[in-house]
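J.: Dumping the structure here so I can ask a few things about it.
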Amino acid sequence: TAQQPMNNITRVTIQALAAILGGTQSLHTNSMDEALSLPTTHSVQVALRTQQILAHESGVADTVDPLGGAYAVESLTDEIESRAKEYLENIDAIGGALAAVESGYMQREIQESAYRTQKQIERGETIVVGVNAFQADEPTTPERLKVDPSIEQSQRARLKEFRAKRDKDQVEIELQRIASAARGQENLMPLFIEAVDAGATLGEICKCLREIWGEYRSPSIF
């Protein structure tokens, strides 16, 4: 939350612990100030230390499936599985994932869920510490990351120099190969790699694909 952002350290710790207990193979812990701006170096370090403390001090990762057989966990897992299957059946009935996106079904479900959650918070049915309960008398204003505006100009100069030194003809050849393959069913990943090796930028590759496929626009959902 943007309010009382230090509380997010506790939230992220609980979330990370739950992920580990659930057998996650990969874990990212958000920084406490990401609701306000890009994270500061300090907040990133705290998020990293959260993972390291759980991994090396708690012992929680020493046991495989430590919650296996726990009624509350197994019951919740069964409920999640059942409701997920219902969603998959609904999506299949619409015509598959692509049809569900094009019809606005996916977006509508997400927006309605977000709306319900927000209303529950506003009515006090769902407690969010520091937001609708246990608010601070004075607003908390932590240090925020400030990006030096000169970095943009520096990066532009680097990109200009990079483009000037590459083989422009070879880059164009690789981009044309991507465009040609994008019109069919060919695997594009090897072509992406070859284009990058030739010096094509991510922006140029994406521009090439937009010219073939167009650009997705989310439908209006009411």
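Sequential numbering from 209 applies to the sequence shown in my numbering.
Positions of the beta carbon are idealized from the N, C-alpha and C atoms, including for glycine.
Bear in mind that the values here come from a model prediction, so they are computed numbers and not experimental data.
#1: For E382, does the count of other Cβ atoms within 10 angstroms reach 16, so buried, or fall short, so exposed?
#2: Given a threshold of 16 other Cβ atoms within 10 Å of its Cβ, counted over all protein chains shown, does M240 qualify as buried or as exposed?
#3: Please state the DSSP three-state secondary structure of A344.
#4: Between which residues of its own chain and A420 is the CB-CB distance below 8 Å, once the five residues before and five after are set aside?
#5: Is it true that the segment 264 to 272 meets the segment 307 to 319, where meeting means three or more beta-carbon pairs spaced less than 8 Å apart?
#6: Less than 7 Å between C-beta atoms, sequence neighbours within five positions excluded: which residues of the same chain meet that for E333?
#7: Could you round the C-beta distance between T221 and T258 to whole angstroms and report it? I think they count as a contact, below 8 Å.
#8: By the DSSP assignment, the alpha helix (DSSP H) with R374 in it spans what residues?
#9: My parser needs the alpha helix (DSSP H) runs of 4 or more residues fully inside the segment 285 to 329; what are they?
#10: Taking the alpha-carbon positions, what's the Q343 to I217 distance?
#11: Under three-state DSSP, which class holds V337?
#12: Can we say the segment 405 to 412 touches the segment 364 to 382, given the rule of at least three CB pairs closer than 8 Å?
#13: Starting from Q259 and walking both ways along the alpha helix (DSSP H), at which residues does that stretch end?
#14: Cα-Cα, which of Q211, D286, D273 and I288 is closest to L244?
#15: With DSSP as the reference, label R219 as helix, strand or coil.
#16: Check R385 in the structure and name its three-state DSSP category.
#17: Measuring straight from C-alpha to C-alpha, what distance separates A292 and L367?
#18: Once you ignore the five residues that flank Q328 on each side, which residues in its own chain have a CB closer than 7 Å to its CB?
#19: For the alpha helix (DSSP H) containing I429, name the first residue and the last one.
#20: Below 7 Å between beta carbons: does that hold for T237 and G338?
#21: Return helix, strand or coil for A210, following the three-state DSSP convention.
#22: Where does M240 sit, in a helix, a strand or coil, going by DSSP?
T.: With the given structure in hand:
#1: Sequence index remark: in the sequence shown, residue 382 carries index 174 (1-based). Classification for E382: buried.
#2: Taking the first residue of the sequence shown as 1, we reach residue 240 at position 32. With 16 or more Cβ atoms within 10 Å of its Cβ, M240 is classed as buried.
#3: Taking the sequence shown and counting its residues from 1, one reaches residue 344 at position 136. Three-state DSSP puts A344 in coil, outside helix and strand.
#4: Residue 420 sits at position 212 when you count from the first residue of the sequence shown. Before going further, note that residue 420 is Ile rather than Ala in the sequence given. If we look at I420 and ignore the five residues flanking it on each side, its Cβ neighbours are A387, A390 and R391.
#5: Output reads no: the segment 307 to 319 does not touch the segment 264 to 272.
#6: As a first step, residue 333 must be located in the sequence shown, where it is residue number 125. Nothing meets the Cβ criterion.
#7: Numbered from its first residue, the sequence shown carries residue 221 at position 13. Numbered from its first residue, the sequence shown carries residue 258 at position 50. Contact flag correct, Cβ pair sits at about 5 Å.
#8: As a first step, residue 374 is located in the sequence shown; it is residue number 166 there, counting from the start. In this chain, R374 is not harboured by any alpha helix (DSSP H), its DSSP state being neither H nor E.
#9: The qualifying runs are 305 to 310.
#10: As a first step, residue 343 must be located in the sequence shown, where it is residue number 135. As a first step, residue 217 must be located in the sequence shown, where it is residue number 9. Rounded to whole angstroms, Q343 to I217 spans 17 Å at the Cα level.
#11: The count along the sequence shown starts at 1 and reaches residue 337 at position 129. The answer is strand: DSSP assigns V337 an E or B state.
#12: yes
#13: Position 51 of the sequence shown, counting from 1, holds the residue named residue 259. Here the alpha helix (DSSP H) through Q259 covers T249 to H264.
#14: Walking along the sequence shown from the start, residue 244 turns up at place 36. It is Q211 whose Cα lies nearest to the Cα of L244.
#15: Taking the sequence shown and counting its residues from 1, the one referred to as residue 219 is at position 11. Note: R219 maps to helix in three-state DSSP.
#16: Numbered from 1 along the sequence shown, position 177 holds the residue referred to as residue 385. It is helical.
#17: The residue labelled residue 292 in the question sits at position 84 within the sequence shown. The residue labelled residue 367 in the question sits at position 159 within the sequence shown. If you take the alpha carbons of A292 and L367, they lie about 45 Å apart.
#18: Your numbering for residue 328 matches position 120 in the sequence shown. Only T334 meet the Cβ criterion.
#19: Taking the sequence shown and counting its residues from 1, one reaches residue 429 at position 221. Looking at the DSSP string, I429 is not in any alpha helix (DSSP H), and its letter there is neither H nor E.
#20: By 1-based counting over the sequence shown, the position of residue 237 is 29. By 1-based counting over the sequence shown, the position of residue 338 is 130. No, the Cβ-Cβ distance between T237 and G338 is not below 7 Å.
#21: In the sequence shown, residue 210 corresponds to position 2, counting from 1. If DSSP states are grouped into helix, strand and coil, A210 belongs with coil.
#22: As a first step, residue 240 is located in the sequence shown; it is residue number 32 there, counting from the start. Three-state result, M240: coil.
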